[in-house]
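These protein sequence lines map, in sequence, to chains V and F.
Per numbering that gives the first Met the number 0, the first sequence starts with residue 0, numbered consecutively.
Per numbering that gives the first Met the number 0, the second sequence starts with residue 0, numbered consecutively.
Virtual Cβ for every residue (Gly too), placed ideally from N, Cα, C.
A short worksheet on the structure shown next.
Protein chains: 2
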Amino acid sequence: MTAQMPPVPWHKARKAEARQPLSQAAIVETGIRILDAEGLSGVTMRRIAQDLDTGPASLYAHVSNKDELCELMLERIAGEIELPELPDPAHWKEQVKEICLNAQRVYTSHRDIALVSLGSIPVGENQLRIAEFMLDVMLQAGIPPQVASWALDGLGQLIDSDAYEACAYTDRLQRGDDLDAYFTSVEEYFGKLPPDRFPLISSMAATMVQGDGDDRFAFKLDVFLRGLESYIEQ
Amino acid sequence: MTAQMPPVPWHKARKAEARQPLSQAAIVETGIRILDAEGLSGVTMRRIAQDLDTGPASLYAHVSNKDELCELMLERIAGEIELPELPDPAHWKEQVKEICLNAQRVYTSHRDIALVSLGSIPVGENQLRIAEFMLDVMLQAGIPPQVASWALDGLGQLIDSDAYEACAYTDRLQRGDDLDAYFTSVEEYFGKLPPDRFPLISSMAATMVQGDGDDRFAFKLDVFLRGLESYIEQ
DNA sequence: ACTGGTTGACGAACACTGTTCTACCTAGCG
DNA sequence: CGCTAGGTAGAACAGTGTTCGTCAACCAGT
Chain V
0 MTAQMPPVPW
10 HKARKAEARQ
20 PLSQAAIVET
30 GIRILDAEGL
40 SGVTMRRIAQ
50 DLDTGPASLY
60 AHVSNKDELC
70 ELMLERIAGE
80 IELPELPDPA
90 HWKEQVKEIC
100 LNAQRVYTSH
110 RDIALVSLGS
120 IPVGENQLRI
130 AEFMLDVMLQ
140 AGIPPQVASW
150 ALDGLGQLID
160 SDAYEACAYT
170 DRLQRGDDLD
180 AYFTSVEEYF
190 GKLPPDRFPL
200 ISSMAATMVQ
210 GDGDDRFAFK
220 LDVFLRGLES
230 YIEQ
Chain F
0 MTAQMPPVPW
10 HKARKAEARQ
20 PLSQAAIVET
30 GIRILDAEGL
40 SGVTMRRIAQ
50 DLDTGPASLY
60 AHVSNKDELC
70 ELMLERIAGE
80 IELPELPDPA
90 HWKEQVKEIC
100 LNAQRVYTSH
110 RDIALVSLGS
120 IPVGENQLRI
130 AEFMLDVMLQ
140 AGIPPQVASW
150 ALDGLGQLID
160 SDAYEACAYT
170 DRLQRGDDLD
180 AYFTSVEEYF
190 GKLPPDRFPL
200 ISSMAATMVQ
210 GDGDDRFAFK
220 LDVFLRGLES
230 YIEQ
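If you want it as structure tokens, here you go:
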């Protein structure tokens, strides 16, 4: 095997590979890649710039500020949420539930991106198509318009908060924490609460902690959708 | 009016006022005061130290890190949430709703403290007494243990996410923004969406935006509690 | 009284953050 | 060709949480 020759000193170094011009899309994609690897706290302007082989100041020609970048990332990620082909009012609950489960899964797969969604009104095309679909199937099922629109809020809040919470657990997992051990310690903590002040929690510790996150989220959706069903006009 | 005399140079300066020793409680209280004035982003170790007339490093003798400080602040604030005197199973829905409304109001009154609660398991005495009470009234009403305990999750998520969202609006208000104008612009935005792709949202723009935050939150609770009711054993 | 250990206080420093300002370069247009 | 607009990007600003090392006070033991 031939050892690599040292560079000839009087040869002009080859021109650096032509670099792709910066673009908003490139910045967003890079942000998402870093998000997936390290979570939102890893997404800094400097880090993105570094990965794009440029300086942080260059990003500001394409995004106004970091908040806008995070919103663009969220909107991009929302595009991954799959919707059913067509609304099926006879199975509106199943469809709404399916969409919520999809959304929560997509958000959770991108670390703590749900934090960006919390507290904000959906305005992007990807996010709004989801709202439109859910509105459609709920209205066709006979849910009154204002009820449907306010329920969208509630479902969005459940999705966002649950995805954000789920991320806290997956982060623990990735940090090498033993999640079972963590929940066991929570259960032990609850079990050791003073029984005179916390008789129920201390005796129900196992129940409080039981169940996998997806099951718990699905259950919360079921509760909400059952309640929603009671508003259907006869 | 007598001009103030210059200090006599050979008089030893009076000893500075004896300063209260630092304590965790003082740090937490100061943190909450800054939170209330400026939101979570105003709560920095330096700012708290400055208000306590000390240096940021001094705080670390009393709190492990900033996260712990925020959790202590949350736990302190949770103590403001009032509970009914006694569980009344015949009115379990009203009681649970009242507690949730109280909690959301208390959190909202402390800016974005709800963010600290999002994604975390309640472990402090103040938070757990709320869980214990709600469990008690739900169980007495006949809701099965696992349902009740998982419903606690869902209610907590609705409270936290709604309080966090409400804070975004009160922050706009305090920034001098006209909230009505803001919601009007959201409504206009929705109304201008392409009707071929967003026929419902564009035609329901007013409905989407209508209603005051407290009413919307109360409605979401009602939906959830109605659903929960369907799990009561007969 | 003296000594050693512990703990709280705290300045300096570290490594980092988002953003602005200024200078430079390039492409496009008249 | 000259000018303008827009992109690039280094330097700097003002800030963040935290650690390290030093000092002083207090307490217990001899």
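When Cβ-Cβ separations below 8 Å define contact, Y59 of chain V makes no contact with chain F. Considering only V:P198, V:Q139 and V:D35, the residue with the shortest C-alpha distance to P88 of chain V is V:Q139. The beta-carbon of P144 of chain V is placed less than 8 Å from the nearest beta-carbon of chain F. For R215 of chain V, the three-state secondary structure derived from DSSP is helix. Spatial neighbours of D170 of chain F in its own chain (CB-CB distance under 6 Å, excluding positions within 5 residues in sequence) are not present. For Y163 of chain V, the nearest beta carbon of chain F is closer than 8 Å to its own beta carbon. Sequence-distant partners of A150 of chain F (beyond 5 residues in either direction) whose C-beta falls short of 6 Å from its own C-beta, in its chain, are L227. In the DSSP assignment, L85 of chain V falls outside any alpha helix (DSSP H) and carries neither an H nor an E. Under the criterion of beta carbons closer than 8 Å, P143 of chain F and A130 of chain F do not qualify as touching, at roughly 17 Å.
Taking 7 Å as the Cβ-Cβ cut-off, the stretch 147-162 of chain V approaches chain F at S148, W149, A150, D152, G153, Q156, L157, D159, S160 and D161, given in chain order. For E28 of chain F, the uninterrupted alpha helix (DSSP H) segment begins and ends at Q23 to E37. Assigned with DSSP and collapsed to three states, A140 of chain V falls in coil, not helix or strand.
Cβ proximity to chain F below 9 Å picks out V185, Y188, F189 and L192 from the stretch 181-192 of chain V. A165 of chain F and L134 of chain F have their C-alpha atoms roughly 26 Å apart. Not flagged as an interface residue toward chain V: K96 of chain F, since no C-beta distance is shorter than 8 Å. Per DSSP, the continuous alpha helix (DSSP H) segment holding E187 of chain V begins and ends at L178 to G190. S229 of chain F carries a coil assignment under DSSP once its states are collapsed to helix, strand and coil.
Inter-segment contact for the stretch 31-38 of chain F and the stretch 61-77 of chain F is present: three or more beta-carbon pairs are separated by less than 8 Å. Contact annotation, V27 of chain V with M72 of chain V: C-beta distance approximately 6 Å; criterion of less than 8 Å satisfied. Sixteen is the threshold: since fewer than 16 other Cβ atoms of the shown chains lie within 10 Å of the Cβ of Q19 of chain V, the residue is exposed. Contact annotation for I200 of chain V against chain F: L127, A130, E131 and L134 [CB-CB distance below 8 Å, chain order].
Put simply, of F:R196, F:L117 and F:V208 the residue whose alpha carbon is nearest the alpha carbon of S160 of chain V is F:L117. In this structure the stretch 205-223 of chain F touches the stretch 214-228 of chain V; the number of beta carbon pairs closer than 8 Å is three or more. G54 of chain V and M44 of chain V have their C-alpha atoms roughly 9 Å apart.
Taking 8 Å as the cut-off, the beta carbon of S148 of chain V is found closer than this to the beta carbon of M207 of chain F. Here N64 of chain F carries a coil assignment [DSSP, helix/strand/coil]. Between the beta-carbon of S184 of chain V and that of P194 of chain V there is about 19 Å, and that puts the pair past the 8 Å contact cut.
From the listed residues F:T107, F:A48, F:V146 and F:G38, the smallest Cα separation to E232 of chain F is found for F:V146. Against chain V, a Cβ distance below 9 Å from K65 of chain F picks out nothing, because the smallest value is about 13 Å. Close partners of L227 of chain F in chain V (Cβ separation under 9 Å): V222, R225 and G226. Distances from the alpha-carbon of H61 of chain V to those of V:H90, V:A25, V:V95 and V:V42 put V:A25 closest.
In terms of Cβ geometry, R46 of chain V and D152 of chain F do not form a close pair [threshold 8 Å]. Take G190 of chain V, set aside five residues on each side of it, and the residues of its chain with a beta-carbon closer than 7 Å to its own are S201 and A204, in chain order.
Under the DSSP assignment, P55 of chain V falls in the alpha helix (DSSP H) whose first and last residues are P55 to L58. DSSP places Q19 of chain V outside both helix and strand once states are collapsed to three, so it counts as coil. Per DSSP, the unbroken alpha helix (DSSP H) holding R45 of chain V starts and ends at M44 to D50.
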